[in-house]
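Have a look at the structure below, then the notes.
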Amino acid sequence: MTLRPTAPAFASTLALAVALAGGAATAQSGDLVTRDRVGPADAGNVLTFRLTAFDLYSSDPATAEAFAGFFTDMILQHPGWRIETQLQTGAIAQEQARIIEQSLAGRGPDCAMVDSSQLAAFKTAGVLAPMNDFYTEEELADFFPFVREGITDAEGNVLAHWWFTDLRVLYRDTSVIPDAPETWDELQAAGLASVEAGFEGLLFNAGRDEATAFDWLAHFWAQGGELVDEAGTPVFFEGDNREKFLTAVQFYADLVDSGAAPRRVTSISNYDDMLAAAAAGSTAMFIGGNWMFGQIQNTLDAEAAANWAVSPLPGPTPDQRATGTGGWTIAALSDDPGKVAICADIARLYAGPGNAFQRLLPTQTSLFAEFEAFDGPEFDVFVAALQDGVARPGVAIYPEISNQIQILLGEVLSGASDPETALDAAAAAVMAAYARQ
Amino acid sequence: MTARPEVTHPPRSRLGRGGPFPWLLPVGLTIALFYLIPILDALRLAFTDASLLGREARFSLDAFGAMLGSPALGTVLRNTGVYVVASVTGQMALGLVIALLVVRGERHRLPGMVAVRTIVLAAWVIPGIANGVLWQMLFSEAPFGAVNSTLRLIGLPPVAWLSDPGMAMVSVILATVWQGTAYSMILLYAALRTIDETLYEAAAVDAATPLERFWFITLPELRSALLVNAILVMVMTLNTFDVVIALTGGGPGRATEVLALHTYTTVFRGFDLAGGSVLAILLLMISMLAAIGIAAALPRGEGR
């Protein structure tokens, strides 16, 4: 049955058509993106997507608006579909464990953001659906090697799209420390120089948080240290690895004991603390993530921000460098090919225009050339540092290794334990947990 | 004198053939559904090798050996003991002081007593995580940290609130006491209002000092309320981990890692569901034993 429009209804339709023609993008974003949905409310096919609150639902209106546009463009390519969005809280470890548990019980989302450090746990649980059909060989070859290794399984299945990476670098106020320290000794000397200049010295994470372990691991990896062997068994506490591990712990202890770093680092477990110190002018040097470069430019006044520069993390020697590479992935948890296709497209919008908007580091070489957003000189430093990038091992025991490293560093730096004793305790705890996995 | 009509009770049969049991059934089912079943499930998981990583769970006693034999457990239990005893004592003592001040203020018709009660309660309604973040900003050891800046202003040296293992525990206790005091205050305030005024009038006639009135009248009259308060606050504090995780994360090292946080870490960092269940049962046992111990001191048959 066809209804003929009445005069008022026709006028309304005409007005709507004019409005749509005049402001299509705004109207579409407004209608198609809500707090819990992307796409038409009455669409017959539904995909559930569990995401973090940093982009589509960012507290920054410009970021939220940009992502609403990206999502709108994407969902219009999939008529008859809508995405039900589910937010993850800031308790990342808990949220990720919950997704695994729900997926095993058949109640998980169809698609989810997975922290790269937790990807191994998802693989072990067997909840990820292969996305092979939606990536070409060229696309896969375009990923950085450590990314490709992380997202594939032993059979070569693509189990996730690692859509951005990050790395740790040294930030310094060049008006206080003109030259970038290249070695640990130079870093300690620079920290002491900044203290003499009235600052509180080098800041880094050393509290109870994953960031602490991850930042510190760069110093272990720079010596060639390995957390686990090829079979995934923890080996960081034995043989050559033990010596390298203790050397890296002693390096941190020396920084604190010498006064090059304040003892308060054991209470720092958030990069925002270091950003606050930089903004307050209380520190001239800190170890932070690459994304903080933009934050410094936006937080400090232009003159002060211009003084801040980034450089690769110093190593025991100038030739021994490493940096931890992290980031997030998007993975499909449903076997429905239609849902996996949309999940792959969501990942692509984050990896391409999303990264360009947020100036996050892409994981595919071609994207650096494709977007002008990655043209700044700081990206030359980041891309160069990525050559020394090391990802966390893809094993389910990693979170416990990280937990024990956090405890160990806190005890050593606060003077509650010595490195040898703390390492023995950490090794015993990790092996006990490993035996139970 | 008017004769009081005799109170008649309905015959037992009017409650139904099952006696009081049908009437107790809804509450019994609710307790079973929301409290007993989760406890039994935790107990079941404790006797398995269940993991969050999806392996099929099998019967095992290994989790008990691994958790109870862990070298970390001693430190965690010691931390928990210090944290709970100090926090409960602090919350009850401060709650009692504020309740006494409010009651005394009301007795003297001082203005602003409702405002005092409301302000104290405001701390209680703040979520634990927010409380932890709030105190983390206050205790920040950065040159611009609020408390240390104030100390410097009055000529005192800064304190390593969060980076020194001993002071970190003090900081966690202070944050917990600040938030939990309101609960004790309200409970003890209500109990104070029920004390017969004639007892104080008689004491005044006997020229009792304020300290004697407090010691010989107030405290004995509050005994039941104090003990009930102690049980409730102790159980709540034993289960607290949100303030700790937001303020110190359990660090530095393990300096502030309490049993509830240790349980959380075991499950969500180690993916060890069986181990976490063992620790949860241990937490339950400690709570029950402490509650029974305190309850044993409750006066019997006084109806108060």
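If you're matching them up, the sequences are chains A and B in order. Under our numbering, think of the first position of the first sequence as 237, with each following residue one higher. Under our numbering, think of the first position of the second sequence as -17, with each following residue one higher. Yeah, the Cβ is synthetic: ideal placement off N, Cα and C, and Gly gets one too.
- Message: Looking at chain A, is there any beta carbon in it that lies within less than 9 angstroms of the beta carbon of Pro53/B?
- Response: Yes, Pro53/B counts as interfacial toward chain A.
- So what does DSSP say about Ala329/A, is it helix, strand or coil? Of the three classes helix, strand and coil, the one that applies to Ala329/A here is helix, per DSSP.
- CB contact check: Tyr182/B to chain A, cutoff 9 angstroms: So no, Tyr182/B is outside the interface.
- Task: Could you check the C-alpha separation between Met49/B and Gly560/A for me, to the nearest Å?
- Result: Distance between the alpha carbons of Met49/B and Gly560/A: 32 angstroms.
- Query: If you run the structure through DSSP and keep just helix, strand and coil, what is Ala367/A?
  - Reply: At residue 367/A the sequence reads Met, which differs from the Ala that was named. In the structure shown, Met367/A sits in coil (DSSP, three-state: anything other than H, G, I, E or B).
- Item | Sufficient close CB pairs (3 or more, under 8 angstroms) joining the segment 227 to 242 of chain B to the segment 57 to 64 of chain B | Yes, the segment 227 to 242 of chain B touches the segment 57 to 64 of chain B.
- Task: Please list the partners that Arg500/A has in chain B, where partner means a Cβ-to-Cβ separation under 8 angstroms.
- Result: The contact set of Arg500/A on chain B, defined by CB atoms closer than 8 angstroms, consists of Glu123, Ala124, Ala142, Leu144, Ser145 in chain order.
- Message: 9 angstroms is my cut-off, CB to CB: does Ser33/B come that close to chain A?
- Response: For Ser33/B, the answer is yes, since a Cβ of chain A falls inside 9 angstroms of its Cβ.
- Task: Write down the C-beta distance between Phe604/A and Pro598/A rounded to the nearest angstrom, noting that I regard them as a contact closer than 8 angstroms.
- Result: Between Phe604/A and Pro598/A the beta-carbon gap is near 6 angstroms, inside 8 angstroms, which marks them as a contact.
- Query: Along the segment 629 to 642 of chain A, what residues have a CB closer than 9 angstroms to any CB found in chain B?
  - Reply: Result list: Ala632, Ile633, Pro635, Glu636, Ser638, Asn639, Gln642.
- Message: Check whether chain A comes within 9 angstroms of Phe250/B, counting only Cβ atoms and requiring the distance to be less than that.
- Response: Yes - at least one Cβ of chain A is within 9 angstroms of the one on Phe250/B.
- Query: Taking the C-alpha atoms as reference points, what is the distance between Leu229/B and Leu7/B?
  - Reply: Take the alpha-carbon of Leu229/B and the one of Leu7/B: they are about 43 angstroms apart.
- Tell whether a beta-carbon distance below 9 angstroms holds between Glu38/B and Ser503/A. For the pair Glu38/B and Ser503/A, the CB atoms are not nearer than the 9 angstroms cut-off.
- Task: Have a look at Thr657/A, Val619/A, Val666/A and flag the residue whose alpha-carbon is nearest the alpha-carbon of Met403/A.
- Result: Residue identity differs from the one stated: residue 403/A is Leu in this sequence, not Met. Considering only alpha carbons, the answer is Val619/A.
- Can you list, in chain order, the residues of the segment 204 to 224 of chain B whose Cβ is nearer than 7 angstroms to any Cβ on chain A? Flagged: no residues at all.
- Task: Have a look at Ser131/B, Ile108/B, Phe46/B, Leu209/B and flag the residue whose alpha-carbon is nearest the alpha-carbon of Ala279/B.
- Result: For the residues Ser131/B, Ile108/B, Phe46/B, Leu209/B, the minimum Cα distance to Ala279/B belongs to Leu209/B.
- Message: Could you compute how far the alpha carbon of Asp267/A sits from the alpha carbon of Pro276/A?
- Response: Roughly 8 angstroms between the two C-alpha positions.
- Could you name the residues of the segment 303 to 337 of chain A whose beta carbon sits closer than 7 angstroms to any beta carbon of chain B, in the order they occur along the chain? Cβ contacts with chain B: Ala329, Gln330, Ala333, Ile336, Glu337.
- At a cut of 8 angstroms, does the segment 556 to 575 of chain A reach the segment 466 to 483 of chain A through at least three beta carbon pairs? At 8 angstroms Cβ cutoff, the stretches do not touch.
- Which residues in the same chain have their Cβ closer than 6 angstroms to the Cβ of Ala253/A, if we skip the five residues on either side of it in sequence? The pLDDT assigned to Ala253/A is 40, lower than 50, so where the model puts this residue is not dependable; a value taken from the coordinates is nonetheless given after this. Shown here for Ala253/A: not one same chain residue has a beta carbon closer than 6 angstroms to its own, the five before and five after excluded.
- Message: Residues in the same chain with beta-carbon distance under 7 angstroms from Val492/A, minus the five sequence neighbours each way, listed in chain order, please.
- Response: Closer than 7 angstroms at the Cβ level, and outside the excluded window around Val492/A, lie Arg499, Val501, Leu649.
- Length-filtered (4 minimum) alpha helix (DSSP H) runs lying within the segment 375 to 441 of chain A: Here the runs fully enclosed are 381 to 387, 420 to 432.
- Message: Suppose you measure from the CA of Val364/A to the CA of Asn543/A; what does that come to, to the nearest Å?
- Response: Note that residue 364/A is Leu in the sequence shown here, rather than Val. Computed Cα separation, rounded: 45 angstroms.
- Minimum Cβ-Cβ distance from Tyr65/B to chain A less than 9 angstroms: Answer no: the Cβ-Cβ gap between Tyr65/B and chain A never drops below 9 angstroms.
- Query: Should the segment 579 to 590 of chain A be regarded as contacting the segment 428 to 436 of chain A, the criterion being three or more beta carbon pairs within less than 8 angstroms?
  - Reply: Flag = no, the segment 579 to 590 of chain A and the segment 428 to 436 of chain A do not touch.
- Message: Let's see if you can read the secondary structure: which residues bound the alpha helix (DSSP H) around Trp317/A?
- Response: No alpha helix (DSSP H) holds Trp317/A; the beta strand (DSSP E) holding it covers 317 to 323.
- Query: Per DSSP, which one or two residues make a beta bridge with Ser547/A?
  - Reply: Paired residues: Leu406/A.
- Message: Would Val363/A pass as an interface residue toward chain B - the criterion being a Cβ-Cβ separation below 9 angstroms?
- Response: Yes, Val363/A lies at the interface with chain B (some Cβ there is under 9 angstroms from its Cβ).
- Query: How would you call Arg86/B, buried or exposed, if buried means at least 16 neighbouring beta carbons within 10 angstroms?
  - Reply: Answer is exposed; the Cβ neighbour count stays below 16.
- Message: Using a Cβ-Cβ cutoff of less than 6 angstroms, which residues in the same chain neighbour Ala663/A once the five nearest sequence positions on both sides are dropped?
- Response: The residues are Phe473.
- Say whether chain B places a C-beta atom closer than 9 angstroms to the C-beta of Gln531/A. Not an interface residue.
- Item | Cross-chain neighbours of Ala48/B in chain A, by beta carbon under 9 angstroms | Chain A residues near Ala48/B: Ala668, Ala669, Ala671, Arg672.
- Residues near Leu511/A by beta carbon distance below 8 angstroms, same chain, minus five either side: Correct list, in chain order: Gly524, Met528, Gln531, Ile532, Thr535.
- Since Trp564/A sits in a beta bridge, which residues does DSSP pair it with? By DSSP's assignment, Trp564/A forms a beta bridge with Asp351/A, Phe400/A.
- Item | Contacts of Ala661/A in chain B (Cβ-Cβ under 7 angstroms) | Residues of chain B passing the Cβ test: Pro53.
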